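Numbering (my numbering), first residue to last: 9 to 229.
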Ligand code: DX5
Ligand code: ZN
């Protein structure tokens with residue numbers, strides 16, 4: 009079977025008992041912790057910073073932490089997250105004046121680097137950075153909130169990125185974020201994604217294991 013990663017977004021977790029909730033979702037079979045950092049400037053919402061990432065590490069979370077930075081300007085905060093235990097760090101095209109530099113900064117700090125495309129952001133920004141990215145994150149909702157509906161035009165975008173990754177011959181993850189659930193995950197995988205962020209579709213379910221198993225079952229078909 010293809011190597012698919014399920015990354016629950018802790019935006020929908022119980023913040024009052026975050027360590028326990030993250031441990032539970034990992035025990036239920038999640039592969040990666042998706043960590044949504046929002047600044048009430050680049051996106052209209054405010055979440056958490058590097059100390060919370062460090063707190064998860066201190067609590068004993070050893071799984072990869074995928075830090076999705078919805079923060080502008082972004083460069084100053086990258087080293088903070090690397091030191092706090094981030095495994096991967098992704099930055100939005102519009103959040104930096106110097107995308108190449110931001111990606112290099114992430115790598116210099118020992119993390120995997122990724123670029124994020126909002127639903128209306130064109131793909132030409134990939135033209136000169138394919139050799140600098142370990143992952144490409146396609147937003148399938150406008151960033152800022154969990155629980156929104158998947159935007160269908162994203163499927164065609166995923167297909168285009170999949171072609172570009174395959175043509176590059178490089179080992180680059182294709183991550184999708186927003187509105188992913190058990191009913192659409194198979195179609196999203198068929199479009200080329202291999203890393204799936206899901207917040208409400210996992211954390212709003214009473215049994216995380218059943219939610220994740222049901223998603224994986226769709227991927228196996
Ligand atoms: C949106 C965030 C997502 C969000 C996904 O800005 O980047 O990670 O939490 O939540 P769901 O899966 O509920 O759409
Ligand atoms: Zn996210």
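Where a beta carbon is used, it is the ideal one built from N, C-alpha and C, also for glycine. Keep in mind it's a predicted model, so treat the numbers as computed, not measured.
Apart from the five residues on each side of it in sequence, which residues of its chain come closer than 6 Å, Cβ to Cβ, to residue i?
{"i": "residue 33", "result": "16, 216"}
{"i": "residue 219", "result": "210, 213"}
{"i": "residue 56", "result": "none"}
{"i": "residue 71", "result": "34, 41"}
{"i": "residue 13", "result": "39, 40, 203"}
{"i": "residue 163", "result": "199"}
{"i": "residue 52", "result": "152"}
Verify whether the separation of the beta carbon atoms of residue i and residue j is less than 8 Å.
{"i": "residue 177", "j": "residue 143", "result": "no"}
{"i": "residue 100", "j": "residue 126", "result": "yes"}
{"i": "residue 201", "j": "residue 227", "result": "no"}
{"i": "residue 58", "j": "residue 89", "result": "yes"}
{"i": "residue 141", "j": "residue 113", "result": "no"}
{"i": "residue 208", "j": "residue 152", "result": "no"}
{"i": "residue 98", "j": "residue 77", "result": "yes"}
{"i": "residue 206", "j": "residue 223", "result": "yes"}
{"i": "residue 44", "j": "residue 54", "result": "no"}
{"i": "residue 172", "j": "residue 134", "result": "yes"}
{"i": "residue 221", "j": "residue 27", "result": "no"}
{"i": "residue 137", "j": "residue 117", "result": "no"}
For residue i, I'd like the list of residues in its chain whose CB is within less than 7 Å of its CB, leaving aside the five on either flank, ordered along the chain.
{"i": "residue 30", "result": "18, 21, 41, 64, 69"}
{"i": "residue 94", "result": "61, 73, 75, 119"}
{"i": "residue 11", "result": "202"}
{"i": "residue 193", "result": "204, 223, 226, 227"}
{"i": "residue 180", "result": "141, 142, 143, 144, 173"}
CB-CB under 8 Å to residue i, same chain, minus the five flanking residues each way: which ones, in chain order?
{"i": "residue 102", "result": "50, 80, 126, 129"}
{"i": "residue 168", "result": "131"}
{"i": "residue 115", "result": "121, 140"}
{"i": "residue 9", "result": "Note that residue 9 scores 48 on pLDDT, short of 50, meaning its location in the model is unreliable; the coordinates nonetheless yield the value given after this. The answer, listed in chain order, is 227, 228."}
{"i": "residue 104", "result": "80, 81, 82, 83, 110"}
{"i": "residue 25", "result": "none"}
{"i": "residue 161", "result": "127"}
Does the ligand PLP have even one heavy atom less than 7 Å from the beta-carbon of residue i?
{"i": "residue 34", "result": "This structure simply doesn't include the ligand PLP; it includes the ligand DX5 and the ligand ZN instead."}
Original post:
Counting only runs that start and end within the segment 18 to 65, where is the alpha helix (DSSP H) found for 4 or more residues in a row?
Top reply: 26 to 35
Original post:
In chain order, what are the residues with a CB under 6 Å from some non-hydrogen atom of the ligand ZN?
Top reply: 17, 42, 44, 76, 185, 205
Original post:
For the segment 146 to 158 against the segment 183 to 196, are there 3 or more C-beta pairs whose distance is under 8 Å?
Top reply: yes
Original post:
If you scan the segment 184 to 211 from start to end, which runs of the alpha helix (DSSP H) of 4 or more residues do you find wholly inside it?
Top reply: 193 to 198, 208 to 211
Original post:
If you scan the segment 86 to 137 from start to end, which runs of the beta strand (DSSP E) of 3 or more residues do you find wholly inside it?
Top reply: Counting only runs of 3 or more, we get 96 to 100, 120 to 125.
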